[in-house]
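Heads up: the structure comes next, in structure tokens.
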Amino acid sequence: MLSESVPGTPPEVFAPVEVPSPSQPPEEVEYVQLLTPEGERVDNPDYSFELDDEAIKGFYRDMTLVRRIDTEATALQRQGELGLWASLLGQEAAQIGSGRALNKKDMVFPTYREHGVAFCQGVNPLNLLGLFRGVDQGAWDPKDNNFALYTIVIGAQTLHATGYAMGQQRDHAVGDADTGEATIAYFGDGASSQGDVNEAFIYASVFNAPVVFFCQNNQWAISEPIERQTRIPLYQRAAGFGFPGVRVDGNDVLATYAVTQQALKRAREGSGPTLVEAYTYRMGAHTTSDDPTKYRLSEDLEHWKLKDPIERVHAYLTRHAGVDHDFFEEVEAEADKIAAELRAGCLALPEPQMTDFFQHVYVEETPQLAQQRDQYAAYAASFEGEG
Amino acid sequence: MAKTTLGKAINAGLRAAMEADPKVIMMGEDIGKLGGVFRITEGLQKDFGEDRVIDTPLAESGIIGTAVGLAMRGYRPVCEIQFDGFVFPAYDQIINQVAKMHYRSMGKIKMPVVIRIPYGGGIGAVEHHSESPETLFAHVNGLKVVTCGDPVDAYWMIQQAISSDDPVIFFEPKRRYHEKAELDESVPPALKLHQAKVLREGTDATIFCYGPMVKTCLQAAEVAAQDGRNLEVVDLRSISPFDLETIFASVKKTRRAVVVHEATLSFGAGSEIAARVTEECFYHLEAPVLRVTGYDTPYPPSRMEEEYLPDLDRVLDGVDRVMGY
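So the sequence lines, in the order shown, correspond to chains A and B.
The numbering of the first sequence is my numbering, which starts it at 1 and goes up by one.
The numbering of the second sequence is my numbering, which starts it at 1 and goes up by one.
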């Protein structure tokens, strides 16, 4: 009929494509857990947490401080002092548990959200703000704290980590679980779809590189749910690449510590890579530019609030370790002090000068660039004295 | 003195670099036992071991991405990309990581990475094996881009590239791998890596060329001489940065310039030279800077490449036109 060929009317030739739809978070996910959301210690046949309650108090302090740093940074963004911030809210246990499992000689390759790991490595939180304030591009020295620069391009750092680990092999720094060296690569569930991450898995596998692939599966890649990245649990992908994969409750700092430590030991002793999937949840927006109310349900958030990584440690310390109110108050006071210092430091970050950014394009500057720099300087100087 | 091919000269240069510095390592596909599809790394794995001459998985982004990590660890990776058209899976790592690492770290991380790419046409290859993507790298700040035109340069430039603390894209003119010249390894190089070379002094016009077009342009100059035209031929050698000093000096002398390259015309190396020469040598010019290049098409099927590539006649036609002003 004529009406069927009217321009602009789409022909009905395409059947709807069937794809899995986002599901409610499962109540029972299989993973390694050593501390329940209620603060109860539980046993696992393969992993155990062998440090004492003092260490757990230390984890509580770490997690509370990085949450406070994160909150302050978000506030600074809201007040116009940062251009952007990528919050780690909800992922404190994944980052502190894995970060505290590292030895001094181990090397870290982060994404742009590893503020907690940076804290464990001794990176000044103020250094993290430079990138987000736009005064530099994350110009700390990776050698100072064995913490590489934040990497914005999703997944690229997993290859850098693998190459670095291949260097550790060639330096004969691998072979002992305690004194050897390992590398840890952080990435997320979204990054698991990247070619670079899959190539990193292959390189690490065939060269038996001492690298731990630490995937924080926070369920969301901006607006895309985990169902858009994978049809199987991410940790199971490791089997296809020929190395072990393990899923851990990423909101359980004790389990994350134990699992990461075992993976690192395996790498240091020369047994090759491990994929750790830390099952967690991005409690905040992807970044301060994001609006998660457009794509996810508030019930999800309520569900995950019950699994809060800090609350469960608070409950454990209170009920089972005899930790009193004074300790928690001290930590709160320390957090407030660090936040105040961070704020003051942020506001005092020097304004960058364009002339600084002609430097470092090359180690050996080209004559063309030197000329441009001089022309810019002369041009800028021509405005001096003008209001 | 025995003559050496351009390919064997690169091999000898790689060997010398590996002997001089234990941190120099080779990475690439088929570079070990096979010695690379062009045999440029022949014998190196046998003599330096599998830890230093690494047959990588067949994944180019992986080659460059792991090279970044190795460089951060203190190594000096020399990566072989098997053919020009296969570099693009690694483009993100090259552009976003290799090129910018020194800059974004404010000089705290160096990237002494060399990426060797056999490039250019003329060998009757199937698609993706004959391309000239040098401008796609020269446009990226943080990279340096060079190419050799003869065996002596090949031997020294690869070593200079490896000792550079900046990342260098090293383009090898694959159809000239078998060109021969006498190479005396005891005579140190006359030029730095980013200096151009005046191959033939002349007075009437300058031909700027590089890589595979060097031989073609020298032949054209010989033929033009028979017609009484005295052409200067400059092998640019370095595309980023250009040796503007040598370029300007030549143009101010001859007052006419033709740039020749296999890569396509628009936004090519010739365009940049034309702009720079116009800015700096405007009152010396007798004619606009002309370009003799590949056409603005994808590289054609190999039966067409003789039409596509600049050859002796097209170079001479360019000379005729620049002399006609």
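Cβ atoms here follow ideal geometry from the backbone N, Cα and C, with glycine treated the same way.
Worksheet item: Going by C-alpha distance, which of G35/B, P77/B and D84/B is nearest M111/B?
Response: What you label residue 111/B is simply residue 111 of the second sequence in a count that begins at 1. Comparing Cα-Cα distances from M111/B to each of G35/B, P77/B and D84/B, the minimum goes to P77/B.
Fill in: F207/A versus E50/B: straight-line alpha-carbon distance, rounded
On the first sequence, position 207 is the one that residue 207/A refers to. On the second sequence, position 50 is the one that residue 50/B refers to. Whole-angstrom Cα-Cα distance: 11 Å.
Item to complete: Taking only the alpha-carbon atoms, compute the straight-line gap between Y155/B and H360/A and give it to the nearest angstrom.
Response: On the second sequence, position 155 is the one that residue 155/B refers to. On the first sequence, position 360 is the one that residue 360/A refers to. When rounded, the distance between both Cα atoms is 29 Å.
Worksheet item: Taking Cβ positions only, does N96/B come closer than 7 Å to chain A?
Response: Reading the second sequence from its first residue, position 96 is the one you call residue 96/B. With 7 Å as the cut-off, N96/B counts as an interface residue toward chain A.
Worksheet item: P310/B: buried (16+ other C-beta within 10 angstroms of its C-beta) or exposed?
Response: Against the second sequence, residue 310/B aligns to sequence position 310. Classification of P310/B: buried, given that the 10 Å Cβ count is 16 or more.
Fill in: Per DSSP, cross-strand counterpart(s) of V114/B
Taking the second sequence and counting its residues from 1, the one referred to as residue 114/B is at position 114. Paired residues: V78/B and V168/B.
Discussion item. Using the three-state DSSP reduction, which class does W304/A fall into: helix, strand or coil?
Written reply: Within the first sequence, residue 304/A is the residue found at index 304, counting from 1. Helix at W304/A.
Worksheet item: In chain order, what residues of the same chain have a beta carbon less than 8 Å from the beta carbon of V135/A, not counting five sequence neighbours either side?
Response: Taking the first residue of the first sequence as position 1, residue 135/A is located at position 135. Answer for V135/A: L349, P350, E351 and P352, listed in chain order.
Discussion item. Please report whether the beta-carbon of L136/B lies at a distance below 7 Å from any beta-carbon of chain A.
Written reply: Sequence index remark: in the second sequence, residue 136/B carries index 136 (1-based). With 7 Å as the cut-off, L136/B does not count as an interface residue toward chain A.
Worksheet item: Can you pull the DSSP bridge partners for P173/B?
Response: Against the second sequence, residue 173/B aligns to sequence position 173. According to DSSP, which records beta bridges pairwise, P173/B is partnered with Y119/B.
Worksheet item: Do L88/A and D70/A have their C-beta atoms within less than 7 Å of each other?
Response: Here residue 88/A corresponds to residue number 88 of the first sequence, with the count starting at 1. Here residue 70/A corresponds to residue number 70 of the first sequence, with the count starting at 1. The answer is yes: Cβ separation under 7 Å.
Worksheet item: Taking L149/A as the reference, which of L126/A, V108/A, Q168/A and F328/A has the closest Cα?
Response: The residue labelled residue 149/A in the question sits at position 149 within the first sequence. It is V108/A whose Cα lies nearest to the Cα of L149/A.
Worksheet entry | Residues bridged to S238/B (per DSSP) | Taking the first residue of the second sequence as position 1, residue 238/B is located at position 238. Beta-bridge pairing links S238/B to V146/B.
Worksheet item: Does any residue of chain A bring its CB to less than 7 Å from the CB of M304/B?
Response: Start at 1 with the first residue of the second sequence, and residue 304/B comes out as number 304. No, its Cβ sits nowhere closer than 7 Å to a Cβ of chain A.
Item to complete: In angstroms with no decimal places, state the Cα-to-Cα distance between G40/B and C79/B.
Response: Your numbering for residue 40/B matches position 40 in the second sequence. Your numbering for residue 79/B matches position 79 in the second sequence. The sequence given here places Ile at residue 40/B; Gly does not occur at that position. Their Cα atoms are separated by approximately 12 Å.
Worksheet item: So is V259/A buried or exposed if we call it buried at 16+ other beta carbons inside 10 Å?
Response: Here residue 259/A refers to the residue found at position 259 when the first sequence is read from its first residue. V259/A is buried by the Cβ-count criterion.
Worksheet item: Count the other CB atoms within 10 Å of the CB of T293/B; is the residue buried (16 or more) or exposed (fewer)?
Response: If you number the second sequence from 1, residue 293/B lands on position 293. That one is buried.
Item to complete: Please classify P301/B: is it buried, with 16 or more other beta-carbons within 10 angstroms of its beta-carbon, or exposed?
Response: What you label residue 301/B is simply residue 301 of the second sequence in a count that begins at 1. Classification for P301/B: exposed.
Discussion item. At the level of alpha carbons, what is the spacing between Y362/A and P57/B?
Written reply: Within the first sequence, numbered from 1, the residue matching residue 362/A stands at position 362. Within the second sequence, numbered from 1, the residue matching residue 57/B stands at position 57. The alpha-carbon atoms of Y362/A and P57/B are separated by roughly 30 Å.
Practice prompt. Using a Cβ-Cβ cut-off of less than 9 Å, give me the residues of the region 156 to 169 of chain A that come near chain B, in sequence order.
Written response: A156, Q157, T158, L159, H160, A161, T162, G163, Y164, A165, M166, G167, Q168 and Q169
Worksheet entry | Endpoints, the alpha helix (DSSP H) within which L369/A is located | Here residue 369/A corresponds to residue number 369 of the first sequence, with the count starting at 1. Taken as a continuous stretch (DSSP letters only), the alpha helix (DSSP H) holding L369/A covers P367 to A381.
Discussion item. If I measure Cβ to Cβ from E72/A and keep anything under 7 Å in the same chain, skipping five residues before and after, which residues do I get?
Written reply: As a first step, residue 72/A must be located in the first sequence, where it is residue number 72. Only A339, L342 and R343 meet the Cβ criterion.
Discussion item. Buried or exposed, going by whether 16 or more other CB atoms sit within 10 Å of the CB of L234/A?
Written reply: Taking the first sequence and counting its residues from 1, one reaches residue 234/A at position 234. So L234/A ends up on the buried side.
Item to complete: Give the DSSP bridge partners of G188/A, in chain order.
Response: Position 188 of the first sequence holds residue 188/A. The partner list for G188/A (beta bridge, DSSP) reads Q216/A.
Discussion item. For a test of the three-state rule: what should DSSP assign to A326/B, helix, strand or coil?
Written reply: Outside the displayed range of chain B (1 to 325) lies residue 326/B, so it cannot be described from this structure.
Fill in: Contacts around E305/B, its chain only, beta-carbon distance under 6 Å, and the 5 residues preceding and following it disregarded
On the second sequence, residue 305/B is found 305 positions in, with the first residue counted as 1. Once the five neighbours on either side are set aside, the close Cβ partners of E305/B are G121.
Discussion item. If the criterion is Cβ atoms closer than 7 Å, does the pair F201/A and G155/A meet it?
Written reply: Taking the first sequence and counting its residues from 1, the one referred to as residue 201/A is at position 201. Taking the first sequence and counting its residues from 1, the one referred to as residue 155/A is at position 155. Not in contact: F201/A and G155/A (Cβ atoms no closer than 7 Å).
Discussion item. Rounded to whole angstroms, what is the Cα-Cα separation between A224/B and A181/B?
Written reply: Mapped onto the second sequence, residue 224/B falls at position 224. Mapped onto the second sequence, residue 181/B falls at position 181. Roughly 24 Å separates the two Cα atoms.
Discussion item. Judging by CA-CA distance, which residue of R237/B, E131/B, A20/B and P173/B is the nearest neighbour of T5/B?
Written reply: In the second sequence, counting from the first residue as 1, residue 5/B sits at position 5. It is P173/B.
Worksheet item: Name the chain B residues whose beta carbon is nearer than 8 Å to that of E199/A?
Response: Position 199 of the first sequence holds residue 199/A. Going along chain B in sequence order, the residues near E199/A (Cβ under 8 Å) are P57, A59, S61, G62 and G65.
Worksheet entry | Rounded Cβ spacing between D176/A and E269/A (contact assumed at less than 8 Å) | Along the first sequence, read from residue 1 onward, the residue named residue 176/A stands at position 176. Along the first sequence, read from residue 1 onward, the residue named residue 269/A stands at position 269. Yes, D176/A and E269/A are in contact; Cβ-Cβ is about 6 Å, under 8 Å.
Item to complete: Express the C-alpha separation of G163/A and V37/B in angstroms, rounding to a whole number.
Response: Numbered from its first residue, the second sequence carries residue 37/B at position 37. Numbered from its first residue, the first sequence carries residue 163/A at position 163. Computed Cα separation, rounded: 24 Å.
Discussion item. Please state the DSSP three-state secondary structure of H284/B.
Written reply: Counting from one through the second sequence, the residue named residue 284/B turns up at place 284. Three-state DSSP puts H284/B in a helix.
Worksheet item: Does R104/B come within less than 7 Å of chain A when only Cβ atoms are used?
Response: The sequence position of residue 104/B within the second sequence is 104, counting from 1. True, the Cβ-Cβ gap to chain A drops below 7 Å.
Item to complete: Give a yes or no on whether 7 Å exceeds the smallest Cβ distance from E365/A to chain B.
Response: Taking the first residue of the first sequence as 1, we reach residue 365/A at position 365. It does not; no Cβ of chain B falls within 7 Å.
Worksheet item: Listed from N- to C-terminal order along the chain, which residues in the region 217 to 242 of chain B have their beta-carbon within a distance smaller than 7 Å of any beta-carbon of chain A?
Response: P241
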